[in-house]
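Going by our numbering, the residue at position 491 of the sequence shown is 491; the numbering climbs one at a time, nothing skipped.
A virtual CB, placed ideally from N, CA and C, is assigned to each residue, including glycine.
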Amino acid sequence: MAATRKDEISAILKEQIKGFHYDLEMEEVGVVVEVGDGIARVFGLQGAMAAEIVEFPNDVYGLVLNLEEESVGIALFGGSEYVQEGDEVRRTGRVRETVVGEELLGRVVDPLGRPKDGKGPITSTKTRKAEIKAPGVVERQPVNTPLQTGLKSIDALTPIGRGQRELIIGDRRTGKTAIALDTIINQAGKGVTCVYVAIGQKTSTIARVVDTLERHGAMAYTIVVTAEADDPTPMQYLAPYAGCAMAEYFTYKGEDAFVVYDDLSKHAVAYREMSLLLRRPPGREAYPGDIFYTHSRLLERAVRLSDEHGGGSLTAFPIIETKAGDITSYIPTNVISITDGQIYLESDLFNQGFRPAINVGISVSRVGGAAQIKAMKQIAGDLRLKLSQYRELEAFAEFSADLDEESKAQLARGDRLMEVLKQNQYMPMPVEEQVVSLYVGVENHLADVDVSEVRRFIEEWLRFLHSEHEEIFDELRGGKEFTDSIETQLEKAVSEFKERFGG
Ligand SMILES: Nc1ncnc2c1ncn2[C@@H]1O[C@H](COP(=O)(O)OP(=O)(O)O)[C@@H](O)[C@H]1O
Ligand SMILES: [Mg+2]
């Protein structure tokens, strides 16, 4: 029915237009033949490029998505109620682009760079293409500088390097957003500009995020890009590309940038919805066939540029929300395969109070290790070994009543190490504090501390070092090695501290 009508209308229009300046006009201008569900079909516009922005009357804009023989499929960026059959549509010649620049820092904007925070206009006149071809091998250099998250279990066990793509994956309410926000908060004074992209979230959730970042002074170096659940799907689709472009502006100026896509599961759903409305053939799980490419070309833009290209970096944390822990469904497996590592969050751990709820046994970072500071690298090596022994024993201990003394001691140490890895939200920790916290666990100085007392012990241990032995922190800062001298000083400090802690 709809198709016949569309054909009829095109035929009539063609007839009417015949004899006019047909060739020239139809290149640049088109006529709406059908509109609904945020999608317009347009006759004409034969010169339009894929992904070009086109203009309707009443300041409505759309994105060219389907180039077909008879018509062009266009997704509208809102305002579809103002678009009617017979309306004229004009090319803009611009492939989708967004406003970029320092002016966006501290602001909440939509994917076209328009303000959403009521704080007045954004004065930047700089724009950047929302989509670019990812840099090639010659423009890149290996990841060699850490991006500190401030979270012990990540910085020690799945360290992130500037330029890396690390996936944060887990069910809802497992602390995925919390990890991203803590990482942003931890970038204060580190010269890393942050972009938080919220896709398909509730307005109230985003307001909480912005409030959190503001309270921790992080909005000064952060841009929040949002396309909410009730925004048109093309906006939600465009959001991560636009956020990426806003971050890239800093990268290609030779600076360091960090972008969070929260989350790509909702992004995939928005793209599926849009594609179904455009009547593209659905594939696996009804997602369009190019969904993998949609995500890979976004994530490939994470980069550490070579010095000849300015040496800037773009680190990306895509987030994926799983259902009932299923990481084998289509979108999770896709994104797992196009990232340099994954941080797996689990509801069970979260509910047991092990937070951040990271499964440290299966989480990986394939490139960040090269970027760890030396002292952390040394401690982390020991930590990884002790934790894997602990996990093996734990599984074994379930079936055996009497364990030998050594195994019992290893289990006890593991229990305490797990306590040391726990960390409250909004309390990112500088790397030198992480090193001395993990040190007491790895070196078994917690053996005589009750598990329930471990967190208090660590807090007071850090306070003690700051007041009595700041020189140890001074030595550890700045990427220094974990020397015998530091170890001797630490050993002395531990005995000193333990006398006080016990008494
Ligand atoms: N390390 C943590 N310690 C305590 N509470 C946390 C921690 N991480 C997250 N939370 C809390 O758990 C809830 C879910 O976290 P959130 O990051 O929103 O989860 P997700 O993004 O996975 O849905 C929030 O209320 C958050 O404040
Ligand atoms: Mg979240």
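Out of G441, Y61, G163, point me to the one whose CA is closest to L314's CA.
G163
Between the segment 143-158 and the segment 399-416, do three or more beta carbon pairs fall short of 8 angstroms?
Result no; under three Cβ-Cβ pairs closer than 8 angstroms.
Applying the criterion that 16 or more other CB atoms from any shown protein chain within 10 Å of the CB defines a buried residue, is Q84 buried or exposed?
exposed
R96 lies in the beta strand (DSSP E); which residues open and close that run?
Where R96 is concerned, there is no enclosing beta strand (DSSP E), given that its DSSP letter is neither H nor E.
How far does the alpha helix (DSSP H) with E475 in it extend, from its first residue to its last?
470-476
Compute the beta-carbon to beta-carbon distance between I53 and R94, rounded to the nearest angstrom, for a pair I have assumed lies under 8 angstroms.
5 angstroms
Count the other C-beta atoms from every protein chain shown that fall within 10 angstroms of the C-beta of K266, then say buried if there are 16 or more, exposed otherwise.
buried
Within 8 angstroms, strictly: CB atoms of T205 and A257
no
Whole angstroms is fine: what's the gap from I437's alpha carbon to K498's?
According to the sequence shown, residue 437 is Ser rather than Ile. Distance between the alpha carbons of S437 and K498: 14 angstroms.
Option nearest E432 by Cα separation, candidates L421, R477, E398, V440:
Nearest option by C-alpha distance: R477.
At the level of alpha carbons, what is the spacing between Y22 and V33?
Note that Y22 scores a pLDDT of 49, beneath 50, so its modelled location is shaky; the value from the coordinates is reported in the next line. The straight-line gap from Cα to Cα measures roughly 17 angstroms.
Which residue comes first and which comes last in the beta strand (DSSP E) that contains L238?
Looking at the DSSP string, L238 is not in any beta strand (DSSP E); the run it does join, the alpha helix (DSSP H), is 233-251.
Find the nearest neighbour of K377 within the set K119, P142, A156, V225, judged by alpha-carbon distance.
A156
State the CB to CB distance for the pair R140 and R301, rounded to an integer number of angstroms; the pair is presumed to be in contact (CB under 8 angstroms).
With 8 angstroms as the limit, R140 and R301 do not qualify as a contact, their Cβ atoms being about 11 angstroms apart.
Alpha carbon to alpha carbon, what distance is there between D182 and M427?
7 angstroms
Nearest candidate by alpha-carbon position, reference L465, set S495, V442, V35
S495
Give every residue of the same chain whose Cβ lies closer than 7 angstroms to the Cβ of R284, excluding the five residues on either side of it in the sequence, and list them in chain order.
Y330
Does any heavy atom of ligand 1 sit closer than 7 angstroms to the C-beta of G175?
yes
What is the DSSP secondary structure of A134, counted as helix, strand or coil?
In the structure shown, A134 sits in coil (DSSP, three-state: anything other than H, G, I, E or B).
Mind reading off the beta-carbon distance from P159 to V197? Whole number of angstroms is fine, and I expect it under 8 angstroms.
About 23 angstroms; that fails the 8 angstroms criterion.
Do you know whose CA, among S296, G44, K422, lies nearest Q352's CA?
K422
DSSP beta-bridge partners of F258
Answer is C194, T315.
Residue nearest to M429 in terms of C-alpha spacing, selected from D211, I12, I185, V108
Per the Cα distances, I185.
What does DSSP give as the partner residue(s) for K386 in the beta ladder?
The partner list for K386 (beta bridge, DSSP) is empty, contrary to what the question assumes.
Count the other CB atoms, across all protein chains shown, that sit within 10 Å of the CB of N334; report buried if there are 16 or more and exposed otherwise.
buried
Best match in I343, W461, D307 for proximity to L490 [C-alpha to C-alpha]:
W461
Whole-angstrom C-beta distance between V195 and E223, which should lie under 8 angstroms:
Checking the sequence, you will find Ile at residue 223 rather than Glu. About 5 angstroms; that satisfies the 8 angstroms criterion.
Member of K386, S407, G289 whose CA lies at the smallest distance from the CA of F396
S407
Between I362 and the rest of its own chain, which residues show a CB-CB distance below 7 angstroms, the 5 nearest in sequence each way excluded?
Y344
Assuming N66 is part of the alpha helix (DSSP H), what are its boundary residues?
Judged by DSSP secondary structure, N66 falls outside any alpha helix (DSSP H) and instead within the beta strand (DSSP E) spanning 61-67.
Does any heavy atom of ligand 2 sit closer than 7 angstroms to the C-beta of D230?
no
Is M49 buried or exposed, if buried means 16 or more other CB atoms sit within 10 Å of its CB?
exposed
Using a Cβ distance threshold of 8 angstroms, determine whether the segment 60-75 contacts the segment 28-45, with at least three qualifying pairs required.
yes
For E166 and S365, believed in contact at Cβ under 8 angstroms, the rounded distance
Distance from S365 to E166 at the Cβ level is roughly 6 angstroms; contact confirmed, criterion being Cβ atoms closer than 8 angstroms.
Give me the Cα-Cα distance between Y439 and R416, rounded to the nearest whole angstrom.
Going by the C-alpha atoms only, they are around 12 angstroms apart.
Would the C-beta of D307 count as close to ligand 2, meaning under 7 angstroms from any of its heavy atoms?
It does not: the Cβ of D307 is nowhere closer than 7 angstroms to a heavy atom of ligand 2.
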